[in-house]
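Below is one structure, written out as structure tokens, with a few remarks after it.
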Amino acid sequence: MADHIRHSVHITPIEELTDEQGNTIKIISGEVNTSLGGSGDSVDLANYSGAGSAQGYTGGAVNYLDMTHSTGGTQIRGSGVDFIFIKNTGFKFSSTSVLGSSTTDCILVVLKEVAYNSGVDGGFRTAGDANQDHFYEIGWLKPGEAIILPSGGLSVDGNLANKFGSNTNDLSYIGQISQNGQARVFGRTYQSNGNDASDGNALEFLAVT
Numbered sequence: 002m003a004d005h006i007r008h009s010v011h012i013t014p015i016e017e018l019t020d021e022q023g024n025t026i027k028i029i030s031g032e033v034n035t036s037l038g039g040s041g042d043s044v045d046l047a048n049y050s051g052a053g054s055a056q057g058y059t060g061g062a063v064n065y066l067d068m069t070h071s072t073g074g075t076q077i078r079g080s081g082v083d084f085i086f087i088k089n090t091g092f093k094f095s096s097t098s099v100l101g102s103s104t105t106d107c108i109l110v111v112l113k114e115v116a117y118n119s120g121v122d123g124g125f126r127t128a129g130d131a132n133q134d135h136f137y138e139i140g141w142l143k144p145g146e147a148i149i150l151p152s153g154g155l156s157v158d159g160n161l162a163n164k165f166g167s168n169t170n171d172l173s174y175i176g177q178i179s180q181n182g183q184a185r186v187f188g189r190t191y192q193s194n195g196n197d198a199s200d201g202n203a204l205e206f207l208a209v210t
């Protein structure tokens with residue numbers, strides 16, 4: 002088998018009960034009554050030879066990304082990707098190789114669709130006919146939390162002919178930038194209550210094709 006990433010996900014639904022002594026007890030939710038999970042391998046990957054700033058790791062060393070607290074966020078990957086792992090380290094950004102102080106701040110991960118621009122970008126347009134950037138939430142990551150986004154890969158996406166609905170080129174794969182649509186992955190640091198943060202968190206990631 003070619004280069005690939007082995008991955009898994011596991012969740013346990015928790016329910017809190019209060020006993021007669023006023024003690025809080027955490028149990029597996031009675032309505033679900035089980036833990037859930039799945040695992041598998043990514044599509045075949047070309048290699049792991051990307052630059053650290055684009056791949057997240059190189060030469061066995063991490064390359065942390067500064068998730069800005071400013072408007073617009075930070076782009077996590079600037080091109081198409083077959084697999085991406087994204088983690089809020091729970092620390093402030095200090096450098097690409099060193100973590101700063103611990104924090105309770107969270108990272109909002111989104112897909113960005115750029116504003117519609119006739120003949121240039123097939124982007125977002127509001128109901129009021131205003132052309133503007135738009136962001137779709139993927140995940141809200143508390144300190145230490147992570148998500149994975151496995152893509153079908155260039156070979157699978159090619160067979161799909163960028164088609165999900167009834168129109169050709171109506172599908173944009175993760176990280177894709179094209180005139181027909183964009184699915185850029187961005188992140189931004191916020192306080193745990195959703196208010197603006199004062200500085201950015203360090204993001205750990207792995208993005209490969």
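Numbering-wise, the sequence shown is residues 2 to 210 according to this note's numbering. Think of the CB as a built atom: it goes at the ideal place given N, C-alpha and C, for glycine as much as any other residue. Just so we're clear, the structure is a prediction, and the values are computed from it rather than from any experiment.
With DSSP run on the structure shown, which of helix, strand or coil describes residue i?
i, result
"A55", "helix"
"V157", "helix"
"T19", "strand"
"Y137", "strand"
"N132", "strand"
"F165", "coil"
"K27", "strand"
"P14", "coil"
"N118", "strand"
"D45", "coil"
"V186", "strand"
"Y191", "strand"
"S9", "strand"
"D171", "coil"
"G38", "strand"
How would you write the range of the beta strand (DSSP E) that residue i sits in, first residue to last?
i, result
"Q76", "75 to 78"
"A208", "202 to 209"
"L109", "107 to 114"
"K93", "84 to 94"
"S50", "No beta strand (DSSP E) contains S50, which DSSP labels as neither H nor E."
"I100", "In the sequence on display, residue 100 carries Leu and not Ile. Per DSSP, L100 belongs to the beta strand (DSSP E) from 100 to 103."
"P151", "147 to 151"
With 16 other CB atoms within 10 Å as the buried threshold, where does residue i fall?
i, result
"E138", "exposed"
"T13", "exposed"
"D106", "buried"
"S40", "exposed"
"K27", "exposed"
"Q76", "exposed"
Who does residue i pair with in a DSSP beta bridge?
i, result
"V63", "Y58"
"D197", "Y191"
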